[in-house]
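S.K.:
In the working numbering, the protein residues as written are 11 to 187.
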(Lines of atoms letter the chains of each structure in order from A and count residues from 1; the text may use other names and numbers.)
(Lines give C-alpha, C1' and ligand atoms only; values in the text may rest on other atoms or scores of the structure.)
Protein backbone atom coordinates (compact mmCIF):
# COMPACT_ATOMS: atom_id res chain seq x y z
CA UNK A 1 0.00 0.00 0.00
CA UNK A 2 1.39 3.41 -0.86
CA UNK A 3 0.96 6.55 1.14
CA UNK A 4 -0.70 9.21 -0.96
CA UNK A 5 -0.25 12.02 1.56
CA UNK A 6 3.51 11.58 1.92
CA UNK A 7 4.30 11.24 -1.75
CA UNK A 8 7.73 12.71 -2.49
CA UNK A 9 6.71 13.92 -5.93
CA UNK A 10 3.49 15.41 -4.56
CA UNK A 11 5.48 17.25 -1.95
CA UNK A 12 8.09 18.40 -4.40
CA UNK A 13 5.58 19.53 -6.98
CA UNK A 14 3.49 21.19 -4.31
CA UNK A 15 6.63 22.86 -3.05
CA UNK A 16 7.38 23.95 -6.61
CA UNK A 17 4.00 25.66 -6.77
CA UNK A 18 4.66 27.24 -3.39
CA UNK A 19 8.02 28.41 -4.73
CA UNK A 20 6.23 30.16 -7.58
CA UNK A 21 3.97 31.92 -5.10
CA UNK A 22 6.99 32.92 -3.01
CA UNK A 23 8.70 34.24 -6.11
CA UNK A 24 5.86 36.73 -6.46
CA UNK A 25 6.20 37.68 -2.78
CA UNK A 26 9.99 37.89 -3.14
CA UNK A 27 9.61 40.65 -5.71
CA UNK A 28 7.74 42.61 -3.06
CA UNK A 29 10.13 41.75 -0.20
CA UNK A 30 13.50 40.40 -1.41
CA UNK A 31 14.72 39.76 2.14
CA UNK A 32 12.12 36.99 2.55
CA UNK A 33 13.36 34.97 -0.44
CA UNK A 34 15.08 31.94 1.06
CA UNK A 35 17.87 29.80 -0.26
CA UNK A 36 15.57 26.80 0.00
CA UNK A 37 14.07 27.56 -3.43
CA UNK A 38 17.02 25.93 -5.13
CA UNK A 39 16.84 22.89 -2.83
CA UNK A 40 13.10 22.54 -3.37
CA UNK A 41 13.44 22.74 -7.15
CA UNK A 42 16.37 20.34 -7.06
CA UNK A 43 14.31 17.75 -5.14
CA UNK A 44 11.43 18.19 -7.59
CA UNK A 45 13.81 17.77 -10.54
CA UNK A 46 15.28 14.62 -9.00
CA UNK A 47 11.76 13.22 -8.47
CA UNK A 48 10.93 13.96 -12.13
CA UNK A 49 14.12 12.24 -13.33
CA UNK A 50 13.22 9.21 -11.19
CA UNK A 51 9.85 9.07 -12.97
CA UNK A 52 11.58 9.24 -16.33
CA UNK A 53 13.91 6.40 -15.35
CA UNK A 54 11.10 4.31 -13.90
CA UNK A 55 8.99 4.58 -17.05
CA UNK A 56 11.79 4.37 -19.62
CA UNK A 57 11.42 0.62 -20.27
CA UNK A 58 7.74 1.06 -21.17
CA UNK A 59 8.03 4.05 -23.49
CA UNK A 60 8.74 6.78 -20.96
CA UNK A 61 6.90 10.04 -20.52
CA UNK A 62 5.75 11.76 -23.67
CA UNK A 63 4.96 15.42 -24.07
CA UNK A 64 1.49 16.10 -25.44
CA UNK A 65 2.82 17.04 -28.91
CA UNK A 66 4.97 13.89 -29.05
CA UNK A 67 1.98 11.78 -28.09
CA UNK A 68 -0.18 13.32 -30.82
CA UNK A 69 2.49 12.60 -33.45
CA UNK A 70 2.98 9.05 -32.16
CA UNK A 71 -0.76 8.30 -32.15
CA UNK A 72 -1.18 9.69 -35.66
CA UNK A 73 1.63 7.35 -36.75
CA UNK A 74 -0.20 4.38 -35.21
CA UNK A 75 -3.51 5.19 -36.84
CA UNK A 76 -4.53 8.39 -38.63
CA UNK A 77 -7.20 10.17 -36.60
CA UNK A 78 -6.26 8.41 -33.36
CA UNK A 79 -5.19 11.64 -31.69
CA UNK A 80 -8.75 12.99 -31.93
CA UNK A 81 -9.65 10.71 -29.02
CA UNK A 82 -7.09 12.30 -26.69
CA UNK A 83 -9.42 15.13 -25.74
CA UNK A 84 -12.26 12.70 -25.02
CA UNK A 85 -10.04 10.51 -22.87
CA UNK A 86 -8.79 13.54 -21.00
CA UNK A 87 -12.33 14.81 -20.33
CA UNK A 88 -13.28 11.37 -19.02
CA UNK A 89 -10.25 11.54 -16.71
CA UNK A 90 -8.87 8.34 -18.15
CA UNK A 91 -5.41 9.73 -18.99
CA UNK A 92 -2.65 9.83 -16.43
CA UNK A 93 -0.83 13.12 -16.84
CA UNK A 94 1.71 15.35 -15.20
CA UNK A 95 2.00 19.10 -15.57
CA UNK A 96 5.70 19.83 -15.25
CA UNK A 97 7.47 23.08 -16.03
CA UNK A 98 4.71 24.35 -18.27
CA UNK A 99 4.32 21.13 -20.25
CA UNK A 100 1.92 18.24 -20.15
CA UNK A 101 3.57 14.81 -19.86
CA UNK A 102 1.83 11.44 -20.24
CA UNK A 103 3.15 7.91 -19.63
CA UNK A 104 3.30 6.00 -22.91
CA UNK A 105 2.51 2.70 -21.15
CA UNK A 106 -1.18 3.59 -20.84
CA UNK A 107 -1.52 3.26 -24.62
CA UNK A 108 -1.45 0.10 -26.72
CA UNK A 109 1.58 0.53 -29.01
CA UNK A 110 -0.13 -1.38 -31.83
CA UNK A 111 -3.40 0.55 -31.98
CA UNK A 112 -2.77 3.79 -30.12
CA UNK A 113 -5.83 3.12 -27.96
CA UNK A 114 -5.94 3.30 -24.20
CA UNK A 115 -5.21 -0.11 -22.79
CA UNK A 116 -8.45 -1.67 -21.47
CA UNK A 117 -6.77 -2.62 -18.18
CA UNK A 118 -5.76 1.00 -17.68
CA UNK A 119 -9.24 2.26 -18.45
CA UNK A 120 -10.81 -0.26 -16.05
CA UNK A 121 -8.45 0.75 -13.25
CA UNK A 122 -9.13 4.47 -13.69
CA UNK A 123 -12.91 3.88 -13.78
CA UNK A 124 -13.04 1.36 -10.95
CA UNK A 125 -11.00 3.33 -8.45
CA UNK A 126 -11.91 6.84 -9.60
CA UNK A 127 -8.28 7.91 -9.43
CA UNK A 128 -7.21 11.49 -10.01
CA UNK A 129 -5.24 11.29 -13.26
CA UNK A 130 -3.07 14.26 -12.26
CA UNK A 131 -2.12 12.86 -8.84
CA UNK A 132 1.67 12.49 -8.70
CA UNK A 133 1.16 9.48 -6.40
CA UNK A 134 -0.37 7.63 -9.36
CA UNK A 135 2.72 8.28 -11.47
CA UNK A 136 5.02 7.27 -8.64
CA UNK A 137 3.12 4.02 -8.17
CA UNK A 138 3.19 3.37 -11.92
CA UNK A 139 6.96 3.80 -12.17
CA UNK A 140 8.18 2.19 -8.92
CA UNK A 141 9.13 -1.47 -8.52
CA UNK A 142 6.53 -3.34 -6.51
CA UNK A 143 7.25 -5.10 -3.24
CA UNK A 144 7.12 -8.86 -3.27
CA UNK A 145 8.46 -11.64 -5.43
CA UNK A 146 7.81 -9.80 -8.74
CA UNK A 147 9.70 -6.49 -8.52
CA UNK A 148 8.46 -5.15 -11.87
CA UNK A 149 6.78 -1.76 -11.88
CA UNK A 150 3.06 -1.51 -12.63
CA UNK A 151 4.01 0.11 -15.96
CA UNK A 152 6.01 -3.01 -16.86
CA UNK A 153 3.15 -5.22 -15.69
CA UNK A 154 0.69 -3.25 -17.82
CA UNK A 155 2.89 -3.71 -20.89
CA UNK A 156 3.63 -7.41 -20.35
CA UNK A 157 1.22 -8.98 -17.82
CA UNK A 158 -2.10 -7.13 -17.79
CA UNK A 159 -3.65 -9.53 -15.27
CA UNK A 160 -0.79 -8.91 -12.86
CA UNK A 161 -1.21 -5.18 -13.44
CA UNK A 162 -4.84 -5.35 -12.35
CA UNK A 163 -3.87 -7.34 -9.25
CA UNK A 164 -1.21 -4.74 -8.40
CA UNK A 165 -3.75 -1.94 -8.89
CA UNK A 166 -6.20 -3.68 -6.59
CA UNK A 167 -3.52 -4.16 -3.96
CA UNK A 168 -2.38 -0.53 -4.14
CA UNK A 169 -5.62 1.34 -4.72
CA UNK A 170 -8.38 -1.02 -3.62
CA UNK A 171 -8.16 -0.27 0.09
CA UNK A 172 -7.80 3.46 -0.52
CA UNK A 173 -10.78 3.39 -2.83
CA UNK A 174 -12.90 1.34 -0.41
CA UNK A 175 -12.03 3.71 2.44
CA UNK A 176 -13.05 6.74 0.35
CA UNK A 177 -16.39 5.20 -0.69
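Here a beta-carbon is modelled for each residue, glycine too, at the ideal position from N, C-alpha and C.
Measure the CB-CB distance between residue 95 and residue 135 and report whether it falls below 8 Å.
M.R.: As a position in the chain shown, residue 95 is number 85, starting the count at 1. As a position in the chain shown, residue 135 is number 125, starting the count at 1. No, these two residues do not count as a Cβ contact at 8 Å.
S.K.: Answer yes if the region 97 to 117 comes into contact with the region 56 to 71, meaning at least three C-beta pairs across the two stretches below 8 Å, and no otherwise.
M.R.: Enough Cβ pairs lie closer than 8 Å, so yes.
S.K.: I need the DSSP call for residue 48, collapsed to helix, strand or coil.
M.R.: Working through the chain shown from its first residue, we reach residue 48 at position 38. Three-state result, residue 48: helix.
S.K.: Name the one or two DSSP bridge partners that residue 113 has.
M.R.: In the chain shown, the residue the question calls residue 113 occupies position 103. Its beta-bridge partners are 71.
S.K.: Have a look at residue 68 and residue 75 and give me their C-alpha separation to the nearest angstrom.
M.R.: For this step, residue 68 is matched to residue 58 along the chain shown. For this step, residue 75 is matched to residue 65 along the chain shown. Cα to Cα, residue 68 sits roughly 18 Å from residue 75.
S.K.: Could you round the C-beta distance between residue 159 and residue 145 to whole angstroms and report it? I think they count as a contact, below 8 Å.
M.R.: Taking the chain shown and counting its residues from 1, the one referred to as residue 159 is at position 149. Taking the chain shown and counting its residues from 1, the one referred to as residue 145 is at position 135. Actually they are not in contact, since the Cβ atoms of residue 159 and residue 145 sit about 11 Å apart, beyond 8 Å.
S.K.: Can you tell me whether residue 191 is buried or exposed, with buried defined as 16 or more other CB within 10 angstroms of its CB?
M.R.: Any property of residue 191 remains undetermined from this structure, which presents the chain solely from 11 to 187.
S.K.: In this structure, how does DSSP classify residue 104 when only helix, strand and coil are distinguished?
M.R.: The count along the chain shown starts at 1 and reaches residue 104 at position 94. Three-state result, residue 104: strand.
S.K.: Among residues of its own chain, excluding the 5 on either side of residue 122, which ones have a beta-carbon nearer than 7 Å to its beta-carbon?
M.R.: In the chain shown, counting from the first residue as 1, residue 122 sits at position 112. 81, 84, 85 and 88.
S.K.: From the DSSP secondary-structure annotation, give me the bridge partner or partners of residue 124.
M.R.: On the chain shown, residue 124 is found 114 positions in, with the first residue counted as 1. According to DSSP, residue 124 bridges with 117.
S.K.: Residues in the same chain with beta-carbon distance under 6 Å from residue 109, minus the five sequence neighbours each way, listed in chain order, please.
M.R.: The residue given as residue 109 occupies position 99 in the chain shown. Counting only Cβ-Cβ distances below 6 Å, and skipping sequence neighbours, we find 73.
S.K.: I'd like the list of long-range same chain contacts for residue 66, defined as Cβ closer than 8 Å, with 5 residues on each side in sequence excluded.
M.R.: Here residue 66 is taken as the residue at index 56 of the chain shown, counted from 1. For residue 66, where only same-chain residues beyond five positions count, there are no Cβ hits under 8 Å.
S.K.: For residue 118, which residues of its own chain have a beta-carbon under 6 Å away from its beta-carbon, when the five flanking residues on both sides are left out?
M.R.: The residue labelled residue 118 in the question sits at position 108 within the chain shown. Answer for residue 118: 125, listed in chain order.
S.K.: Between the Cα of residue 128 and the Cα atoms of 140, 172, 150 and 77, which residue gives the shortest distance?
M.R.: Reading the chain shown from its first residue, position 118 is the one you call residue 128. For residue 128, the nearest C-alpha among the options comes from 172.
S.K.: Please report the straight-line C-alpha distance between residue 133 and residue 165, rounded to a whole angstrom.
M.R.: Locating residue 133 in the chain shown gives position 123, where the first residue counts as 1. Locating residue 165 in the chain shown gives position 155, where the first residue counts as 1. If you take the alpha carbons of residue 133 and residue 165, they lie about 19 Å apart.
S.K.: Keeping to the same chain, check which residues put their C-beta closer than 6 Å to that of residue 175; ignore five residues upstream and five downstream.
M.R.: The residue labelled residue 175 in the question sits at position 165 within the chain shown. Taken in chain order, the residues that qualify are 131.
S.K.: Look at the Cβ atom of residue 141, then the Cβ atom of residue 156, and state whether they are nearer than 8 Å.
M.R.: Taking the chain shown and counting its residues from 1, the one referred to as residue 141 is at position 131. Taking the chain shown and counting its residues from 1, the one referred to as residue 156 is at position 146. No, they are not a contact pair.
S.K.: Can the beta-carbon of residue 139 be found less than 8 Å from the beta-carbon of residue 71?
M.R.: Within the chain shown, the letter at position 129 stands for residue 139. Within the chain shown, the letter at position 61 stands for residue 71. Not closer than 8 Å, so no.
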